[in-house]
Amino acid sequence: MSSNQEKGLSYADAGVDIDAGNALVDKIKPLVRSTRRPGADGEIGGFGGLFDLKAAGFNDPILVAANDGVGTKLKIAIESGKHDTVGIDLVAMCVNDLVVQGAEPLLFLDYFATGKLDPDQGASIVAGIAEGCRQAGCALIGGETAEMPGMYSDGDYDLAGFAVGAAERGTLLPTNDVVEGDVLLGLSSSGVHSNGFSLVRKIVEKTGLKWTDPAPFAPEKTLADALLEPTRIYVKSILAAIRETHGIKALAHITGGGFTENIPRVLPKDYAAEIDLDTVDAPAVFSWLAAEGGVAQEEMLRTFNCGIGMVIVVASGQAAQVAAVLQKAGEHVTPLGRICPRRDAGVVYQGSLEL
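Count the sequence shown with UniProt numbering and you get residues 1 to 355, in order.
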């Protein structure tokens, strides 16, 4: 009889370490507490997370839900060993999708799957998730950690996020009064955000650069640090503009698909967005990607945010007021163009990106 048969197999023999999972929970409990807000003050460890809409101040709310991941940007984090910012990306990709519908993000749950659980790595990832939740004003009320040997190689992991927000009935966006002549405002991005990284990684591979090399477009940082700059979270500034001005008609989160695919999603079918590309100040990372990859302008505009992470539709008479509130909240606001009658494409480009 073999020694394994004599002693019997355990879950640990199959590659799953329950003790490591418990250690991770202990490490992240303070991080979860740091995200408490009205409506959510429970501890993790139960079978479900609770949220009290009445305690959050809502009278007749509509719930809005969104989920997303970080994509292959995670490969850069894994290969460079820098795990503390991808959690911010995870939250950002979900909560920015909530706020474009006029909803306040309230709660967040994460799913973290890995081949072999490293409690320190896991805690670093959750620290980023907690930071993203604090930036968005939502509570991290639970999540799932899955150790799956054989599904993921050692060191590999994947993340998914789930966010729920709410808006009072009758206040959801977009409104039904978008008209010709409405103004388009753009909010600056922090960089590539969390889209297009399969192309980014292919371009980096083509250059032969290592993640530890200085970034050609930001020599004071390593290439990994520069590309891992987390997605900007626009929640608090946009909620302030919505509540203080009541002038925002529609919002588009510029993710995969760029301007070309995302802006038409929030416009009536008879209208298009006319964008003046000469006003867009594309950060150096996009110029580098376009040059090194030989990426055409049209492809850049339908793959990356090119420096604008959020587009706002506002009545022309309220554009200055809305811009002022956003600037006071720390956003860099760019006048992008206007709403025009739709003839063919949902986005009409004027001028060219300076790449």
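Cβ atoms here follow ideal geometry from the backbone N, Cα and C, with glycine treated the same way.
Owing to the predicted nature of the structure, the values given are computational and were not obtained by experimental measurement.
Exposed or buried, what is residue i when buried is set at 16 or more other beta-carbons lying within 10 Å of its beta-carbon?
i: Gly351; result: exposed
i: Tyr157; result: buried
i: residue 359; result: Because the chain here runs from 1 to 355, residue 359 falls outside it and cannot be looked at.
i: Lys249; result: buried
i: Val95; result: buried
i: Met1; result: Per-residue confidence for Met1 stands at a pLDDT of 47, beneath the threshold of 50, marking its modelled position as unreliable; no derived number is given.
i: Glu298; result: exposed
i: Val179; result: exposed
i: Leu140; result: buried
i: Asn47; result: At residue 47 the sequence reads Phe, which differs from the Asn that was named. Phe47 is exposed by the Cβ-count criterion.
i: Glu354; result: exposed
i: Asn262; result: buried
i: Glu144; result: exposed
i: Asn176; result: exposed
i: Gly81; result: exposed
i: Arg338; result: buried
i: His332; result: exposed
i: Leu63; result: exposed
i: Ala103; result: buried
i: Pro119; result: buried
i: Ser3; result: Unreliable positioning characterises Ser3 in this predicted model, as indicated by a pLDDT of 49, which lies under 50. A coordinate reading is not provided.
Do residue i and residue j have their CB atoms nearer than 9 Å?
i: Cys306; j: Gly247; result: no
i: residue 405; j: Thr279; result: The question about residue 405 has no answer here: the residues shown for the chain are numbered 1 through 355.
i: Gly122; j: Leu24; result: yes
i: Leu184; j: Leu90; result: no
i: Ser188; j: Asp97; result: no
i: Leu173; j: Asp17; result: no
i: Glu229; j: Thr85; result: yes
i: Ala241; j: Ile312; result: yes
i: Pro268; j: Arg169; result: no
i: Gly196; j: Ala130; result: no
i: Ser190; j: Thr231; result: yes
i: Ala273; j: Gly346; result: yes
i: Ala166; j: Gly132; result: no
i: residue 395; j: Leu106; result: Because the chain is modelled from 1 through 355, residue 395 falls outside the range shown and cannot be assessed.
i: Leu289; j: Val200; result: yes
i: Gly137; j: Lys236; result: yes
Nearest by alpha-carbon distance to residue i: which of the options is it?
i: Thr255; options: Gly15, Leu53, Arg302, Arg201; result: Arg302
i: Arg243; options: Gln321, Ala139, Gly186; result: Gln321
i: Asn67; options: Arg37, Thr245, Phe108, Ala329; result: Phe108
i: Pro149; options: Ala40, Leu50, Thr222, Asp13; result: Asp13
i: Gly293; options: Leu228, Gly208, Gly309, Lys328; result: Gly208
i: Ala77; options: Gly128, Lys27, Leu267; result: Gly128
i: Ala218; options: Ser287, Asp19, Val100; result: Ser287
i: Asp225; options: Ile62, Leu50, Leu74; result: Leu74
i: His253; options: Cys340, Leu63, Gly71, His193; result: His193
i: Phe162; options: Pro38, Gly49, Ala55; result: Gly49
i: Val348; options: Thr245, Pro264, Ala296, Glu104; result: Pro264
i: Glu79; options: Ala291, Gly317, Glu205, Met300; result: Glu205
i: Val164; options: Thr212, Ala56, Trp211, Pro119; result: Ala56
i: Ser316; options: Thr245, Arg343, Arg342, Gly330; result: Thr245
i: Ala20; options: Gly39, Glu147, Asp110; result: Glu147
i: Gln135; options: Lys27, Ile308, Ile238, Tyr152; result: Ile238
i: Ser124; options: Val70, Lys210, Ile28; result: Ile28
i: Leu251; options: Ile308, Met300, Phe304; result: Ile308
i: Ile275; options: Leu53, Lys221, Cys340; result: Cys340
i: Tyr152; options: Arg343, Thr171, Phe112; result: Phe112
i: Val314; options: Gly186, Thr171, Phe304; result: Gly186
i: Ala65; options: Asp26, Val99, Ala296; result: Val99
i: Val266; options: Asp182, Lys202, Gln101, Phe58; result: Gln101
Mapping DSSP to helix, strand and coil, what is residue i?
i: Met300; result: helix
i: Pro268; result: coil
i: Ser188; result: strand
i: Cys133; result: helix
i: Gln321; result: helix
i: Asp158; result: strand
i: Gln350; result: strand
i: Arg37; result: strand
i: Leu109; result: strand
i: Pro341; result: strand
i: Val179; result: coil
i: Thr171; result: coil
i: Ala291; result: helix
i: Leu336; result: strand
i: Gly128; result: helix
i: Val122; result: Residue identity check: residue 122 is Gly in the sequence provided, not Val. In this structure, Gly122 counts as helix in the three-state DSSP scheme.
i: Val280; result: coil
i: Leu326; result: helix
i: Leu140; result: strand
i: Ser3; result: With a pLDDT of only 49 at Ser3, under the threshold of 50, the placement of this residue in the model should not be trusted; the figure read from the coordinates follows. It is helical.
Using beta carbons (cut-off 9 Å, strictly below), is residue i in contact with chain C?
i: Gly87; result: Protein chain content of the structure displayed is limited to a single chain, and chain C is not contained in it.
Counting only runs of 3+ residues fully inside the segment 48-99, write out the beta strand (DSSP E) ranges in chain order. 61-69
List, from N- to C-terminal side, the beta strand (DSSP E) runs of 3 residues or more that fit wholly inside the segment 202-277. 218-222, 248-253, 271-276
Entirely enclosed alpha helix (DSSP H) segments - the segment 8-34, minimum 4 residues: 18-33
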